[in-house]
Ligand SMILES: [Zn+2]
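In this note's numbering, the protein residues as written are 1 to 474.
Shown next, in the form of C-alpha cells:
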C-alpha cells in the first residue's frame, strides 16, 4: 500500500541522485553543512540566505549551493520575496514537510496509538484505542500492523513512507554512541520473541526507529507541546508504570545505554508493596497506575468510595484514570489517594529536578488526568524535599498534548535522524530513504545509472543486515 502513486517521487529521486552524485565523493563536510542548513530552515531559525550564513557561519557560496541542493531534493521550497530592509528584498525559504511521510505508533500497557506524520512532525491523522501489551505483545503488534495498513489505505496519495517511529513501554537498549537509529534497538526481555522492528520493516519496506515512550513523549512535548521554543524539559509519564524523559540541548537525553529516566523500579518505600520486579516498595508498586487501580478495586469492595462504586456498577473494574476522575469530582477517597501518589512521585521528582535543573516539568500519562490535585501534591512534596534553587525555579504543568505527544515524538525521532549528516549519507543519492525493492527496475536504464547502482545497493544491504543483526542479538 505504501507503494502506490510513487511515479513523481521516483522521478524526483532519480534526478536528485544525479545532482548530488557529483559531490558525494568530495568528503563528509558537504553533508555536515547540508544537514546544518536544513536544520536551520526546518526549525524556522533562518529563512533567508543571509540569515543562514549568519547562523551557520558558512560562506555565501556554500550556503547558496546547499540551499540549491535542498531545493532540488524537494526538501526546501522557496524563493518568495521577503520584506526588504532597504535594498533588494531577500528570498525566503521554507521547509517542505510534504516531501515525505512517516508512520508513527505508540504501544502502551493499556493503550495503542497510530498516526501519519509529514516531515515537519505534523500529524495528518491519529487514532487511539484501548489495547496494548496487556492483551499480549503479539496481539498488540498484530493490531498495530493492521492499523498502519489501514492508515496507508486511507491515504493513498502520500507516496513513499520514509520511516516508522514506534514508542514502547520499558527500556530500549541502544548501542553505545548511537541515538535511536534503526540498527540498535534491543527491547526488554519480554519482546525477544516478537521482533516488531523486523516485522514492520519487511511489511512496509522502510526502516524502523524504536524508543522508550517517555523519551519520545519528552521529544514531542519539546517540539510541539508545552516545551515548544525551549531547549530542555523533563517529562514525568504516569501511566501503568512511572518513567521520566529528559530533553537537553533540543534532544532526548538517552544516557549511555538508552535507560535514562527508567525510574519506576527505584525503591521509595523500603519494605513496601511487592513489585513485579521482585523488589519491595518500588515507585511503580507504590504510585504506578496498576497500583492505583488495585487500591481502587479494594475501595470498591469496602464501599469506601461512592464514585468508584458507581464506576464498578457499570460492570467494569475501576482504573487509575477513574481514580483521577473521581478526585476531579471531589470523591474523598480518590482525592486522598491521588494526593498520596502526588506526594510520593513529588519526592522522586525533587531528586530529578535537583540533579538536572530543568525549567519545565510536564506531567503526562493516564494518571495525569487527575489534574491540579495531583500537581499540587507534587509541588508541595518537591519544595518540602529539596530547598535547592533548582526546585524553586521549576514550573510543573500537565501535558496538553496527552497521548499525541508520544506519536509526535516518534515522528521527530525518525525525522531528526534522517536529516543528520550521518544518516543523509546513506540515502541522499537515492533522493529518499524509503527502501523500495522495486526501485532498481524503475531506474533509468542508462550506463551512468547502472555504474552507480552497486554503491547504492551496498548502502541498502548494509542497512538491512545490521538491522537484522540487531534483531538477532535481542
Ligand atoms: Zn520494581
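Using N, Cα and C, we set each Cβ at its ideal position, and we do this for glycine too.
With fewer than three CB-CB distances shorter than 8 angstroms, the region 418-432 does not count as touching the region 240-257.
Counted as a single uninterrupted DSSP element, the stretch harbouring residue 419 is not any alpha helix (DSSP H), since DSSP gives it neither H nor E. Contact between the region 287-305 and the region 326-337 is present: 3 or more CB-CB pairs across the two stretches fall below 8 angstroms. Between residue 406 and residue 35, the beta carbon gap of about 26 angstroms keeps them out of contact (Cβ cut-off 8 angstroms). Taking the Cβ of residue 264 as the reference point, at least one heavy atom of ligand 1 falls within a distance shorter than 8 angstroms. In the structure shown, residue 50 falls within a helical segment according to DSSP collapsed to helix, strand and coil.
Residue 316 is bridged by DSSP to nothing; it lacks a bridge partner.
Per DSSP, residue 174 is not a residue of any beta strand (DSSP E), being assigned neither H nor E. When DSSP states are grouped into helix, strand and coil, residue 357 belongs to the coil group. Among the bridge pairs identified by DSSP, residue 236 is matched with 244 and 363. By the Cβ test, the region 352-372 is in contact with the region 231-240, since at least three Cβ pairs between them sit closer than 8 angstroms. Residue 209 is bridged by DSSP to 165. Here the alpha carbon of residue 337 sits roughly 45 angstroms from the alpha carbon of residue 204. At the C-beta level, residue 282 and residue 272 come within 9 angstroms of one another.
Annotation: the continuous beta strand (DSSP E) that includes residue 115 extends over 112-118. Going by DSSP, residue 70 is part of the alpha helix (DSSP H) stretching over 60-72. In the structure shown, residue 342 falls within a helical segment according to DSSP collapsed to helix, strand and coil. Residue 171 counts as buried, since at least 16 other C-beta atoms from the protein chains shown sit within 10 angstroms of its C-beta. For the pair residue 276 and residue 285, the Cα-to-Cα distance works out to about 8 angstroms.
Rounded to whole angstroms, the gap between the alpha carbons of residue 349 and residue 142 is 36 angstroms. In the DSSP assignment, residue 392 falls outside any beta strand (DSSP E) and within the unbroken alpha helix (DSSP H) covering 389-392. Relative to the Cα of residue 147, the nearest Cα in the group 292, 132, 118 and 378 belongs to 132.
Counting along the chain, the unbroken beta strand (DSSP E) around residue 104 starts and ends at 101-107.
Check the Cα spacing between residue 229 and each of 289, 44 and 370: the tightest is with 44.
As the crow flies, the alpha-carbon of residue 207 is around 15 angstroms from that of residue 186.
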